[in-house]
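In the working numbering, the protein residues as written are 34 to 461.
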């Protein structure tokens with residue numbers, strides 16, 4: 034049998050990074066946080082790959098050569114695989130699969146997601162301002178000059194400590210603020226429709242990459258597969274209309290750990306938000322995306338009382354839910370009906386969407402963004418000329434030298450200087 038050391042041998046094509054990219058690229062469940070830290074764990078991954086993919090290096094030496102170049106695997110194609118398993122009621126495969134929608138191959142652009150999220154989050158703000166009369170509800174008049182006090186208006190009257198105190202100014206006690214806030218401030222931000230669509234498909238693609246889910250803090254170690262697709266047959270005849278049924282379903286598909294994380298994260302809010310209806314704050318849990326026409330709307334009432342769990346129809350996906358805080362990697366539970374309708378809603382890179390006019394899925398301009406790998410590749414190097422004989426590094430500017438101290442520089446500027454120096458030497 035092949036020695037396991039060949040897996041992490043630096044001379045072999047199946048080195049440490051190749052095994053990792055091969056496992057991720059074939060859609061196997063990614064390892065835990067301590068993955069790839071020890072040789073023993075690499076051996077487990079190697080044996081799992083052999084068992085699942087049925088490749089034996091002894092009987093089939095060609096299996097040692099990966100079919101996909103590891104260098105071509107980028108962050109937005111880590112979840113790329115032909116099909117996705119549909120999970121049944123027992124938490125295992127229902128026997129049905131579906132082709133991975135093209136939207137999951139969209140470029141993952143955190144910069145666009147953050148900018149669009151920042152603009153969209155402002156569109157639900159309510160205007161606020163201080164009262165126009167605040168700080169001016171008193172009779173105050175300046176005492177003028179000659180009384181050895183500041184000329185600020187002072188409260189009139191007597192018989193109380195308030196009399197004679199400064200008023201109106203922003204530096205005064207009980208005075209108005211500087212530049213009082215107005216309700217006609219620009220509260221909302223217009224976000225281009227194309228940018229919103231780009232950010233949405235990017236967030237959907239990120240929801241299918243398990244490392245991004247773990248990086249965001251979701252507990253998906255017991256989830257059988259990412260993206261997680263649940264059979265829509267489980268929601269027929271309003272089968273999931275009560276909270277108990279929803280909790281049971283989440284436990285079955287391995288999403289209960291994420292809900293427990295949300296329960297433990299509930300904390301009292303710091304600041305005055307406690308007094309304004311925002312007393313507690315907690316993490317986000319799974320997002321259940323469904324098809325209202327097939328799955329019905331009863332599941333909304335079932336999931337709404339589960340901490341951290343949100344629901345959204347597949348026809349109205351919101352970036353604020355797909356990437357809360359502008360952070361990619363939301364844990365999404367898809368129903369099979371909603372999952373199958375993604376190609377119709379968002380189309381592909383060549384076929385426009387059926388519901389969004391003139392919308393094509395974005396694609397990467399450069400398939401391989403590692404320029405160092407491209408430049409140093411054998412194909413590129415074979416087409417380049419041999420390096421010339423001159424120095425490879427030249428000075429950016431000519432070094433300046435003082436001709437009064439440097440004889441060679443002086444002769445280059447004034448060749449007759451040699452005659453002057455010779456005459457001066459003869460005189461001495």
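No residue lacks a Cβ here, since even glycine has one placed at the ideal position from N, Cα and C.
- Assigned with DSSP and collapsed to three states, residue 129 falls in strand.
- As a beta-bridge residue in DSSP terms, residue 368 pairs with 263.
- For residue 408, the enclosing alpha helix (DSSP H) starts and ends at 404–408.
- The DSSP assignment places 325–328, 331–336, 352–355, 369–373 and 375–379 as complete runs of the alpha helix (DSSP H) inside the stretch 306–382, in order along the chain (cut-off: 4 residues).
- Runs of the alpha helix (DSSP H) spanning 4 or more residues and lying entirely within the stretch 228–278 occur at 243–249, in chain order.
- Considering only 299, 273 and 255, the residue with the shortest C-alpha distance to residue 125 is 255.
- Residue 190 places its beta carbon less than 8 Å from that of residue 196.
- Residue state for residue 445 is assigned as helix, using DSSP reduced to three classes.
- Secondary structure of residue 199 (DSSP, three-state): strand.
- CA-to-CA, the gap between residue 234 and residue 291 works out to about 24 Å.
- C-alpha of residue 140 to C-alpha of residue 208: approximately 54 Å in a straight line.
- Going by C-alpha positions, residue 348 is about 9 Å away from residue 371.
- For the set 398, 399 and 168, the Cα lying nearest the Cα of residue 213 is the one of 168.
- Under the three-state reduction of DSSP output, residue 300 falls in the strand class.
- When the beta-carbon positions are compared, residue 357 and residue 317 come within less than 8 Å of each other.
- Its Cα nearest to that of residue 333, the residue 280 stands out among 280, 385 and 284.
- A straight-line Cα-Cα distance of about 27 Å links residue 429 and residue 406.
- By alpha-carbon distance to residue 351, the top candidate from 183, 176, 237 and 128 is 237.
- The Cβ-Cβ distance between residue 240 and residue 363 falls below 8 Å.
- At the C-beta level, residue 142 and residue 231 come within 8 Å of one another.
- If you draw a 10 Å sphere on the C-beta of residue 404, you find fewer than 16 other C-beta atoms in it, and that means exposed.
- In this structure, DSSP gives residue 413 a helical state, which the three-state scheme calls helix.
- Nearest to residue 400 by alpha-carbon distance, out of 227, 460, 138 and 309, is 138.
- Shortest Cα-Cα distance from residue 222 to any of 149, 373 and 273 involves 149.
- The Cβ neighbour count for residue 144, taken over all protein chains shown within 10 Å, is under 16; the residue is labelled exposed.
- DSSP places residue 146 in the uninterrupted alpha helix (DSSP H) bounded by 143–154.
- Around the beta carbon of residue 408, a 10 Å sphere encloses fewer than 16 other beta carbons of the protein chains shown; the residue is thus reported as exposed.
- Under the three-state reduction of DSSP output, residue 188 falls in the strand class.
- Of the residues 324, 161, 201 and 394, the one whose Cα lies closest to the Cα of residue 171 is 201.
- Residue 120 has 126 and 263 as its beta-bridge partners, per DSSP.
- DSSP places residue 136 in no alpha helix (DSSP H); its state is neither H nor E.
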